[in-house]
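Each residue of the sequence shown is one higher than the one before, counting from 96 in the working numbering. The structure appears right after this line, and notes come after that.
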Amino acid sequence: MSRAITPVILASERGEVGLAAGMDLLRGGASAMDAVEAAVRTVEANEADHYVGVGGLPNLLGEVELDASIMDGATRRAGAVAAVTGFPHPITIARAVCDQLPQHLLLVGAGAERFADEVGIERGPTLTDEARQLWQDGLEPGALAQAQAKHGAGEAIYRQQVIERLAAMTPHGGPWGTVNVLALDAAGNLAVAVSTSGYPWKYPGRVGDSALIGAGNYCDNRVGGAACTGRGELAIRANTARSVLLALQAGHDPAGACAAALAETADLPDEFRSPLQALCLTPDGSHGGASTRPGATYSVMTASDDTYRIEERRQI
Ligand code: ASP
């Protein structure tokens with residue numbers, strides 16, 4: 096007799112606002128793909144979150160550019176979009192690429208926007224007054240010292256170069272974050288969704304790990320699902336999400352697999368280094384996370400929980 100599967104959904108920091116929406120669907124028998132998309136849409140709509148969807152911080156030119164991806168563990172199909180403007184829900188465009196344009200996986204910029212219009216996905220403003228203000232404040236004198244105190248030397252060097260580039264590009268003078276949601280449904284299928292506005296003040300057209308399968312997102316029912324937040328260039332260079340699954344296959348538990356994959360990035364030369372984090376969920380519903388910074392957490396909810404709980408990530 097096969098064992099009943101208890102659905103589970105988990106999210107990176109600030110993703111907890113979406114867990115109830117995802118769990119409601121899972122309890123009703125919906126697929127993990129539907130649950131992770133719904134959870135991420137809630138996060139994308141949250142204007143108080145300045146790293147995802149509406150309210151995300153803009154690029155160097157003051158324009159919000161969004162990246163997202165979704166991967167189905169049952170089929171290992173995926174859809175992704177990058178550098179999308181004018182759409183509050185890039186995760187839904189990524190899902191539509193996966194379901195309706197299966198001969199492709201990743202669409203960027205104008206092509207992604209054209210496809211979203213074609214399949215009827217809603218357009219809407221993404222730059223809020225508050226995000227514009229935070230963008231401007233970060234370029235004021237004193238912002239570098241604050242960045243250094245809060246996020247370390249790598250962030251200050253990054254910001255210094257942003258300010259120099261901005262001065263060159265726009266003569267008028269002009270924390271990081273992403274959401275990962277991973278779910279296991281009652282049928283035993285896994286899915287992973289990731290959405291981000293990327294780095295504030297990023298060079299226009301910059302694409303991070305969140306849109307790249309293998310780097311910021313990977314999912315395979317036979318092994319598990321994994322996703323990353325933090326310095327995307329490191330996750331791209333080390334193929335971190337896929338590496339988490341390889342570490343699982345090598346015998347690590349979920350937190351250990353995340354730690355092993357993050358350790359692969361430790362000696363990559365990178366003068367802009369800032370924290371990198373990974374999350375993992377396995378087909379039996381066990382989960383774990385790791386981070387290169389102390390005190391990092393994630394949120395998790397099972398079908399028998401009334402609300403989410405916060406779990407610590409292993410620090411490496
Ligand atoms: N990983 C994201 C990116 O590189 C940013 C973040 O999570 O802070 O775009």
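Ideal Cβ placement from N, Cα and C applies to all residues, glycine included. Source: prediction; values computed, not measured.
Proximity to THR354 [Cα-Cα], best of VAL149, GLY325, SER386, GLU328: Taking the sequence shown and counting its residues from 1, one reaches residue 354 at position 259. Per the sequence shown, residue 354 should be read as Ala rather than Thr. If we check each option's Cα against that of ALA354, SER386 comes out closest.
My understanding is that ALA333 touches GLU359, with C-beta atoms under 8 Å, so please give their C-beta distance in whole angstroms. Working through the sequence shown from its first residue, we reach residue 333 at position 238. Working through the sequence shown from its first residue, we reach residue 359 at position 264. Between GLU359 and ALA333 the Cβ distance is about 5 Å, and since that is below 8 Å, they are a contact.
Going by beta-carbon coordinates alone, are GLY293 and SER369 separated by less than 8 Å? As a position in the sequence shown, residue 293 is number 198, starting the count at 1. As a position in the sequence shown, residue 369 is number 274, starting the count at 1. No. Outside cutoff.
Hey, is GLY110 close to the ligand ASP, as in C-beta under 7 Å from one of its heavy atoms? In the sequence shown, counting from the first residue as 1, residue 110 sits at position 15. Incorrect: GLY110 has no Cβ contact closer than 7 Å to the ligand ASP.
State buried or exposed for ALA226, treating a residue as buried only when at least 16 other CB atoms are found within 10 Å of its CB. By 1-based counting over the sequence shown, the position of residue 226 is 131. Per the 10 Å Cβ criterion, buried.
From GLU108 to VAL274, what distance separates their C-alpha atoms? The residue you call residue 108 lines up with position 13 of the sequence shown. The residue you call residue 274 lines up with position 179 of the sequence shown. Roughly 7 Å separates the two Cα atoms.
CB of GLY303 to nearest heavy atom of the ligand ASP: below 7 Å? Locating residue 303 in the sequence shown gives position 208, counting from the first residue. Yes, since a heavy atom of the ligand ASP falls inside the 7 Å radius drawn around the Cβ of GLY303.
Does the beta-carbon distance from VAL131 to VAL276 come in below 8 Å? Here the question's residue 131 lines up with position 36 in the sequence shown. Here the question's residue 276 lines up with position 181 in the sequence shown. Yes, these two residues count as a Cβ contact at 8 Å.
Which of the three DSSP states is assigned to ASP162 in this structure? Taking the sequence shown and counting its residues from 1, one reaches residue 162 at position 67. In this structure, ASP162 counts as strand in the three-state DSSP scheme.
Would you verify that the beta carbon of GLY148 is, or is not, closer than 8 Å to some beta carbon of chain B? As a matter of chain content, chain B is missing from the structure shown, which is built from one protein chain.
Just list the residues that DSSP pairs ILE308 with in beta bridges. The residue given as residue 308 occupies position 213 in the sequence shown. Its beta-bridge partners are ASN312.
Say the cut is 7 Å; is the CB of CYS323 nearer than that to a heavy atom of the ligand ASP? Within the sequence shown, residue 323 is the residue found at index 228, counting from 1. For the ligand ASP, at least one heavy atom lies less than 7 Å from the Cβ of CYS323.
Enumerate in chain order the residues of its own chain whose CB-to-CB distance from VAL302 is below 8 Å, with the five nearest sequence positions on each side excluded. Against the sequence shown, residue 302 aligns to sequence position 207. So the list reads ASP162, ALA177, ALA178, VAL203, GLY293, once near-sequence residues are dropped.
Is GLY293 near the ligand ASP - that is, is its Cβ less than 7 Å away from at least one heavy atom of it? One-based indexing of the sequence shown puts residue 293 at position 198. Result yes, Cβ under 7 Å from the ligand ASP.
Rounded C-alpha distance that separates SER381 from ILE258: The residue given as residue 381 occupies position 286 in the sequence shown. The residue given as residue 258 occupies position 163 in the sequence shown. The straight-line gap from Cα to Cα measures roughly 44 Å.
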